[in-house]
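Following: one structure in structure tokens, then a few remarks.
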Amino acid sequence: MTRRIAVTSCALSRRSFLVSAGGVGIGVAFGALPGKSLAAAMAAGAGSLKPNAWVVIGGNGIVTIMSAPAEMGQGTMTALPVVIADEMDADWHKVRVVQSPADPSKYGNPFPLMGGQMRTLASLAVAGYYDQLRLVGAQTRKVLIACAASEWGVPAAELSTEPGMVVHKQSNRKISYGALAAKAKLPDPLPQATKDDLKPSSAFRLIGKDVPRVDLPLKVNGSAKYGIDVQLPHMLYGAILYPPVEHEKPEKIDDTAAKAVKGIVKIVPIPNGVGIIGETVEATRKAKAALKVTWSATAEARKYNTAKMVEDYGGVAKDMNQKAVVMMSQGDAPAAIAGAAKMVTAEFYSEHVAHTQLEPLNATALVKGDTIEIWASNQSPSASIIFATMVGGVPPEKVVVHSTLIGGAFGRTSDDADHIAHAIMLAKAVPGRPVKLIWTREDDMRNDIFRPFSAQQVSVGLDASGDIVGWRQRIVAPSHFGRLGPPVLEHFGGKDIVTAGWGEFHYAVPAHLVEWIRAERGFDIGPWRATASGYTKFAIEVTIDELAAMKGVDPVQYRLGLLKNQPRATAVIETVAKMADWAKKRPGRALGIAYSDLYDSFLAEIAEVSLDEKTGQIKVHHIWAAVDPGLAVQPRNVAYQLEGAITMGLSAALYEQINVVNGEVQEQNFDKYRVIRMADMPMIEVKVISTDNHPSGVGEIGVGPVAPAIANAVAQLTGGKRLRHLPLSPARVQAAMKA
Amino acid sequence: MTAFSINGRSVDVAADTDTPLLWVIREHLKLTGTKFGCGIAQCGACTVHLDGQPIRSCVTPLDSVAGKQVTTIEGLSQNSSHPLQRAWVAEQVPQCGYCQSGQIMEAAAFLEHNPHPSRAQIVAAMDGHICRCGTYNHIVRAIERAARTHEKQAAVTHDSASPGSARGRAQP
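Here the protein sequences line up with chains A and B, keeping their order.
With the first sequence counted from 1, adding 508 to any position gets you the numbering used here.
With the second sequence counted from 1, adding 101 to any position gets you the numbering used here.
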């Protein structure tokens, strides 16, 4: 078995189909939040009403609403229940939210890309569930009205609702949802809801209004339960010594000293490491340090050196004979560029960055007879079941999964669940006792699937007046989907949007070609917040800025000129320019702008920057952002998500870089891997422009525009010196200034 | 056996004396609000108070706390009533929340010694903590709010931003 067991979207669909087709209510008892919540909530016994899979109304008036996506900080555990609560006219004070069971047949994300799976990725939670959950809420309301109509013997059409109540105006009667639930039976047939039953947006009481997040009270007193917090009777602890280079295997194991450590239960070799099971965390760590292992030295990754990648990938980007996948094409860009009065071309690079979600990966597994139970922080509950069946060799109906709150994810566990697989491998060695595998930070970083190293070439043809006639962007990167398995890449039409996506844009150019040259170097990579847009938007927005400068047009005006038919784009650019007071001169400082239309959201960011020309150190003082995410279900949360993504984008833009030498990851903890801290923070202001459009993704979009906005501001300070290599380290700034 | 006090309770722990306090707190005493993040005192997620001072429990050996008083996030207040906990909810600070116990414990010790801090002092005190979700600016705001609360204690009980006003909540 390789280092990671990747779950493919296709395999996931098939396997999950098997899961649901088998008719087994996979015994999922999600303990996302402390206590007995789910069992109590799901037991819609006498005196409560369960109109659908999402809502239980208790006789005491408490309305329990399921939240399907993993809560990893993005706030959907509030935003989505709000959608149901609003449509059903629930009294929000009486709403309790619980994590839904991992049953994709009931709780799968309806967004087409998701294939009905329960996976939380690609900023698709609110975008994917919004329409469905409005209908769920409307159906719940219809059921309550039907119950009241039957109770009072009046036509349903005479009834209306207000928060928590069904109202009969003619007779001046009201009955609370709780009172109805206590005595009513579900109507037969059960009313269904259609679009006609939905509220007009003017009648929303909760959607579009800021509601305090339901998970936050638990997150300020230590009671929120993450995967690492699982405590079980007779639980053992696991640690794994991994090879210095990925995909190597243990060849010779001397565990004499490790076994002698007090509290060690078992040493368990796994295909790509040596596991230790012990009575305490500290025992497993001491034993791990005492293990002597000779590793194989055959992995392709041993040849991987990031220091050589500019030359390697840069050469590929410039070699027009390389076979490329067309990511998108409009018109004949190569011909337009060849026939242009002038051609502008430049190469761009980005280094690896690490997820470093603050909760190091961990998982707890219990193998008992022919059943497997798992507790883990994971973006994809569906995947947990599949990993158990694959590694544990048991059918899906023998798998019980408990999901938890997640201490950050950022894409690390959207498709990969190596931690779960390895925990099961350890648990199989001690049947009947749960094993909690806790990775050290070093394990976590060494085994990370970093954002790929990338090289890009952008070529633009200009006519005599400096207007664009053709745009060509070539992206050199390995494949994430391809690593998961060839069928996955095929499923996405051979196009890897994770490593080579987001070259599309709304800028009006007569001819546009985006190509991906897949270049595998034996080193595993994966999705990182905002995926490829973290570097493809960088290349686009720096180039756009350079073209504006060449034409002598203001960068804001230049963008507006290319977005004339895009009112939403125009609005965010004009808004952010106003927020930043774009035209104002600031001695020693400059502004730079960048625009993004990722995930159907419209976003523009402006950075205010100064530069220490001696050291090459960039200081970012202020970032403004204006976003149109369609209808903002929770506007404040949208702003905070933007702010978080901007902060992470800033960290990646200025500091983050993983170096790999002969396959060995050089930065394995926060002493060597710099991430942004409080003292590095600029002021950040976000304006959310909620519109009548369908809600679109907001959790990731903030990342992409940060780096180009900074680079474009630096160009203003340096007489047009362009930075084209991420991160924008002092050394690279100095080199650019000498160029 | 190492004897010390945690959240006002006397405990005797049978772990090896070089065991990091973090694992004693989390896995021996089952107080999981204190988090593991890096193991080398670089991220601050494991911050607790030792005799009122903030320490990184991941690099603090058990024997160094013998006879002393340890306070964790669970012992900071009854019912999340510490001004910082209230301010954290009022400012809606946490996202994933994993770092926030450590952040709050650091801030609590800091405010104890410096009840009227400047923004620069707050940043200097909190710079040892990593929040990967990017809540830093909200943390500053929450600390400033708690400091103000401290100043006008009487007025704050009816502050609209107190946690009691939060509508809806996750199932306890």
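Glycine residues also receive a C-beta, built at the ideal position from the N, C-alpha and C atoms.
Quick caveat: nothing in here was measured; it's all calculated off a predicted structure.
May I ask which residues mark the beginning and end of the alpha helix (DSSP H) holding residue i?
{"i": "valine 1000 of chain A", "result": "Per the sequence shown, residue 1000 of chain A should be read as phenylalanine rather than valine. Taken as a continuous stretch (DSSP letters only), phenylalanine 1000 of chain A belongs to no alpha helix (DSSP H), as it is neither H nor E."}
{"i": "leucine 177 of chain B", "result": "Per DSSP, leucine 177 of chain B belongs to no alpha helix (DSSP H) and is neither H nor E."}
{"i": "glycine 1042 of chain A", "result": "1041 to 1059"}
{"i": "leucine 652 of chain A", "result": "633 to 660"}
{"i": "tryptophan 189 of chain B", "result": "184 to 191"}
{"i": "leucine 212 of chain B", "result": "201 to 214"}
{"i": "aspartate 951 of chain A", "result": "949 to 954"}
{"i": "tyrosine 821 of chain A", "result": "817 to 826"}
{"i": "arginine 681 of chain A", "result": "Run containing arginine 681 of chain A: none in the alpha helix (DSSP H); it sits in the beta strand (DSSP E), 681 to 684."}
{"i": "methionine 835 of chain A", "result": "Counting along the chain, methionine 835 of chain A falls outside any alpha helix (DSSP H), though it belongs to the beta strand (DSSP E) covering 833 to 838."}
According to DSSP, simplified to helix, strand and coil, what is residue i?
{"i": "phenylalanine 895 of chain A", "result": "helix"}
{"i": "methionine 851 of chain A", "result": "strand"}
{"i": "alanine 873 of chain A", "result": "strand"}
{"i": "phenylalanine 105 of chain B", "result": "strand"}
{"i": "glycine 1100 of chain A", "result": "strand"}
{"i": "aspartate 704 of chain A", "result": "helix"}
{"i": "leucine 992 of chain A", "result": "helix"}
{"i": "threonine 120 of chain B", "result": "coil"}
{"i": "lysine 757 of chain A", "result": "coil"}
{"i": "lysine 774 of chain A", "result": "strand"}
{"i": "aspartate 924 of chain A", "result": "strand"}
{"i": "isoleucine 715 of chain A", "result": "coil"}
{"i": "threonine 516 of chain A", "result": "Reliability of the predicted coordinates at threonine 516 of chain A is poor, the pLDDT of 36 falling under 50, and no value is obtained from them."}
{"i": "proline 904 of chain A", "result": "helix"}
{"i": "serine 219 of chain B", "result": "coil"}
{"i": "tyrosine 857 of chain A", "result": "strand"}
{"i": "serine 158 of chain B", "result": "helix"}
{"i": "tyrosine 734 of chain A", "result": "strand"}
{"i": "lysine 677 of chain A", "result": "coil"}
{"i": "methionine 743 of chain A", "result": "coil"}
{"i": "methionine 574 of chain A", "result": "strand"}
{"i": "alanine 547 of chain A", "result": "For alanine 547 of chain A, the pLDDT reaches just 45, beneath the cut-off of 50, and the residue's location in the model is therefore unreliable, although a value from the coordinates is still provided. The answer is helix: DSSP assigns alanine 547 of chain A an H, G or I state."}
{"i": "isoleucine 141 of chain B", "result": "coil"}
{"i": "threonine 148 of chain B", "result": "strand"}
{"i": "aspartate 1089 of chain A", "result": "coil"}
{"i": "valine 984 of chain A", "result": "strand"}
{"i": "arginine 249 of chain B", "result": "helix"}
{"i": "valine 722 of chain A", "result": "coil"}
{"i": "glutamine 1125 of chain A", "result": "strand"}
Starting from residue i, trace the beta strand (DSSP E) both ways and give me its first and last residue.
{"i": "proline 1190 of chain A", "result": "Premise fails: proline 1190 of chain A is in no beta strand (DSSP E) and is neither H nor E."}
{"i": "phenylalanine 1110 of chain A", "result": "1110 to 1120"}
{"i": "histidine 910 of chain A", "result": "907 to 911"}
{"i": "glycine 781 of chain A", "result": "781 to 786"}
{"i": "serine 962 of chain A", "result": "962 to 970"}
{"i": "isoleucine 565 of chain A", "result": "563 to 566"}
{"i": "lysine 131 of chain B", "result": "Here lysine 131 of chain B belongs to no beta strand (DSSP E), and DSSP marks it neither H nor E."}
{"i": "glutamate 670 of chain A", "result": "667 to 670"}
{"i": "threonine 172 of chain B", "result": "170 to 172"}
{"i": "glutamate 1023 of chain A", "result": "1020 to 1026"}
Which whole-angstrom value describes the C-beta separation of residue i and residue j, a residue pair presumed to lie in contact below a C-beta threshold of 8 Å?
{"i": "proline 657 of chain A", "j": "glycine 567 of chain A", "result": "The question names proline, but residue 657 of chain A is alanine in the sequence shown. 19 Å between Cβ atoms; not a contact."}
{"i": "methionine 1256 of chain A", "j": "isoleucine 914 of chain A", "result": "Because residue 1256 of chain A is not part of the residues shown, which for chain A are 509 to 1247, the question remains open."}
{"i": "alanine 692 of chain A", "j": "glycine 645 of chain A", "result": "Not quite, the Cβ-Cβ distance comes to about 18 Å (not below 8 Å), so this is no contact."}
{"i": "valine 852 of chain A", "j": "valine 719 of chain A", "result": "That belief does not hold up - the Cβ atoms of valine 852 of chain A and valine 719 of chain A are roughly 48 Å apart, past 8 Å."}
{"i": "leucine 1139 of chain A", "j": "proline 1035 of chain A", "result": "Not a contact, Cβ separation roughly 26 Å."}
Let me see if you follow: with CB-CB separation under 8 Å, is residue i close to chain D or not?
{"i": "arginine 220 of chain B", "result": "Within the model displayed, chain D is absent; protein chains A and B are what it includes."}
Could you tell me whether the segment 147 to 155 of chain B touches the segment 198 to 216 of chain B, using the rule of 3 or more Cβ pairs below 8 Å? yes
Taking 8 Å as the threshold, find out whether the segment 1153 to 1173 of chain A comes into contact with the segment 798 to 812 of chain A through three or more Cβ pairs. Contact between the segment 1153 to 1173 of chain A and the segment 798 to 812 of chain A is present, because at least three Cβ pairs lie under 8 Å.
Is there contact here, the segment 903 to 921 of chain A with the segment 857 to 874 of chain A, by at least three beta-carbon pairs under 8 Å? Counting Cβ pairs under 8 Å, three or more are found: they touch.
Counting beta carbon pairs with one atom in the segment 784 to 799 of chain A and one in the segment 831 to 843 of chain A, are three or more of them shorter than 8 Å? no
Give a yes or no on contact between the segment 982 to 996 of chain A and the segment 884 to 892 of chain A, applying the rule of three or more CB pairs nearer than 8 Å. no
Would the segment 1156 to 1168 of chain A count as touching the segment 1095 to 1106 of chain A if we require 3 or more Cβ pairs under 8 Å? no
Which runs of the alpha helix (DSSP H) spanning at least 4 residues fall entirely within the segment 1140 to 1182 of chain A, listed in chain order? 1143 to 1162
Can you list, in chain order, the stretches of the beta strand (DSSP E) that have 3 or more residues and sit fully within the segment 597 to 632 of chain A? Qualifying beta strand (DSSP E) stretches, in chain order: 603 to 607.
Mind the definition here: the segment 741 to 755 of chain A touches the segment 775 to 785 of chain A only if three or more C-beta pairs lie below 8 Å; say whether that holds. Because the criterion of three Cβ pairs below 8 Å is met, the segment 741 to 755 of chain A and the segment 775 to 785 of chain A touch.
Assess, as a yes-or-no matter, whether the segment 894 to 908 of chain A is touched by the segment 968 to 982 of chain A under the definition of 3 or more beta carbon pairs within less than 8 Å. no
Three or more C-beta pairs closer than 8 Å, one from the segment 1230 to 1241 of chain A and one from the segment 852 to 861 of chain A: is that the case here? Judged by Cβ distances under 8 Å, the segment 1230 to 1241 of chain A makes contact with the segment 852 to 861 of chain A, as three or more pairs qualify.
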